[in-house]
Ligand SMILES: Cc1cc2nc3c(=O)[nH]c(=O)nc-3n(C[C@H](O)[C@H](O)[C@H](O)COP(=O)(O)O)c2cc1C
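Numbering (the numbering used here), first residue to last: 11 to 357.
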């Protein structure tokens, strides 16, 4: 087995009992790192203090081409923050959260104070159990529709985190969004810098990968997978990718745009927490999700996506949702590797 999948086997029974808040905070980080992140870049660092936990953006893991504003980086960190919250609640702790607590430290995204014990709500238990079951599933989904009740719960989950969710399940809008996805694929793949950046995050040896995207998961033919990063760097396969993504968008029972009214770090952290909240809610109901963010990443297409689906504000994430076959988890770095040991130094 790939040793870098081990973080997914975290056992709730091992939660340190007693009042040792720092041990408990370290244990909670084990859940935070299971969050999704763009290109599986895992752009987060944590510092454990006597009374709280701090979450930092690890900007060395930024993706300057696909994510020049580090918007997706903050969304990924927001998702990790939501995992922390759910895990703390599951283990019966109250918490207090300060977002962007220090204007002098823009990399300090959040401070998380673990409080006294509280009662665990049944919804927290449900979401907690989904933490280790969630994956990005890029396979084709079955055509079965999603229950209205679940769609309402997902919309509500986004609202509770200060974001909004626009469900697209009618044919004309689905078609229009699929066309934008295809157009964005062509734009991105035509850009040599996009291909070079992607190639740097593609891994061909699953047993050695601690982060990044496994080439096998990218849905390419075996002989292309063998070439791996070299192939990605060299060939503009925008046309092929566009056709594939357009088809997958058209055949997903639900597409959904997650967005916010503002477009700053605070909004991105909200979007990240909303994203993880609804991904966990969906997984708890047996529903998979994957991302089709291309038309949000291509700056000129982002307002077009908003107009197409009739929303005001800023699309942050484009998802597809549905039922389907299981998929393997993706690798993670260990908790040890993401903990800052002392101010300014880390493992
Ligand atoms: C902000 C953000 C943007 C993402 N964009 C895409 C995307 O456009 N296409 C895609 O296939 N996956 C995308 N992903 C999914 C990541 O590639 C995935 O989370 C990562 O590889 C880890 O895998 P996991 O989600 O199965 O744990 C995105 C994830 C996040 C958090």
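Idealized CB from N, CA, C, for every residue including glycine.
* For residue 347, which of helix, strand or coil comes out of DSSP? -> Helix at residue 347.
* **Start and end residues, alpha helix (DSSP H) containing residue 36** => 31 to 42
* Asked: Using the C-alpha atoms, what's the distance from residue 154 back to residue 83?
  -> 33 Å
* Consider the C-beta atom of residue 303 and the heavy atoms of ligand 1; say whether any pair is separated by less than 7 Å. => yes
* To do: Could you check the C-alpha separation between residue 34 and residue 333 for me, to the nearest Å?
  => 35 Å
* Asked: Which residues does DSSP pair with residue 325 in a beta bridge?
  -> DSSP lists 269 as the bridge partner or partners of residue 325.
* **Backbone CA spacing between residue 219 and residue 147 [nearest angstrom]** => Computed Cα separation, rounded: 18 Å.
* Do you know how far the Cα of residue 129 is from the Cα of residue 74? -> 43 Å
* **Exposure label - residue 102; buried when at least 16 CB within 10 Å** => exposed
* **Where residue 332 falls: helix, strand or coil (DSSP)** => strand
* To do: Answer yes or no: the CB of residue 46 versus the heavy atoms of ligand 1, is any distance below 7 Å?
  => yes
* How big is the Cα-Cα spacing for residue 337 and residue 76? -> Cα to Cα, the separation comes out at about 25 Å.
* Asked: Taking C-alpha atoms, which residue in 20, 267 and 150 lies nearest to residue 190?
  -> Answer by Cα proximity: 267.
* Go through the region 79 to 150 residue by residue and report every complete run of the beta strand (DSSP E) that reaches 3 residues or more, in order. => 103 to 109 and 118 to 127
* Asked: Can you give the Cα-Cα distance for residue 44 and residue 199, rounded to whole angstroms?
  -> 29 Å
* To do: Leaving aside the five residues before and after residue 211 along the sequence, list all residues of the same chain whose C-beta is less than 8 Å from its C-beta, in chain order.
  => 49, 50, 51, 73, 221, 222 and 223
* State the DSSP-derived secondary structure class of residue 354, mapped to helix, strand or coil. => Because the pLDDT of residue 354 is 46, which lies under 50, any placement of that residue in the model is unreliable, and the question is left without a value.
* **Which residues DSSP lists as bridging residue 242, in chain order** => Answer is none; residue 242 lacks a bridge partner.
* By Cβ distance below 6 Å, which residues in the same chain neighbour residue 172 in space, the five residues on each side in sequence not counted? -> Closer than 6 Å at Cβ, skipping near neighbours: 280.
* Asked: If you follow the alpha helix (DSSP H) that residue 174 is part of, which residue opens it and which one closes it?
  -> It is not in any alpha helix (DSSP H) - residue 174 instead sits in the beta strand (DSSP E) that spans 174 to 178.
* **Coil, strand or helix - residue 58 by DSSP** => Of the three classes helix, strand and coil, the one that applies to residue 58 here is strand, per DSSP.
* Separation of residue 217 from residue 58, as counted between CA atoms -> 30 Å
* Whole-Å CB distance - residue 213 paired with residue 225, under 8 Å assumed -> 7 Å
* **Heavy atom of ligand 1 within 7 Å of residue 202 beta-carbon** => no
* Asked: Nearest CA to the CA of residue 259: which residue from 186, 324, 168 and 203?
  -> 186
* Three CB pairs or more closer than 8 Å across the region 165 to 184 and the region 236 to 255 -> no
* So, do the region 57 to 71 and the region 110 to 125 have three or more beta carbon pairs nearer to each other than 8 Å? -> yes
* Rounded C-alpha distance that separates residue 327 from residue 284 -> CA-to-CA, the gap between residue 327 and residue 284 works out to about 10 Å.
* Asked: Which first and last residues belong to the alpha helix (DSSP H) in which residue 300 is found?
  -> Residue 300: not part of any alpha helix (DSSP H); member of the beta strand (DSSP E) spanning 298 to 301, first to last residue.
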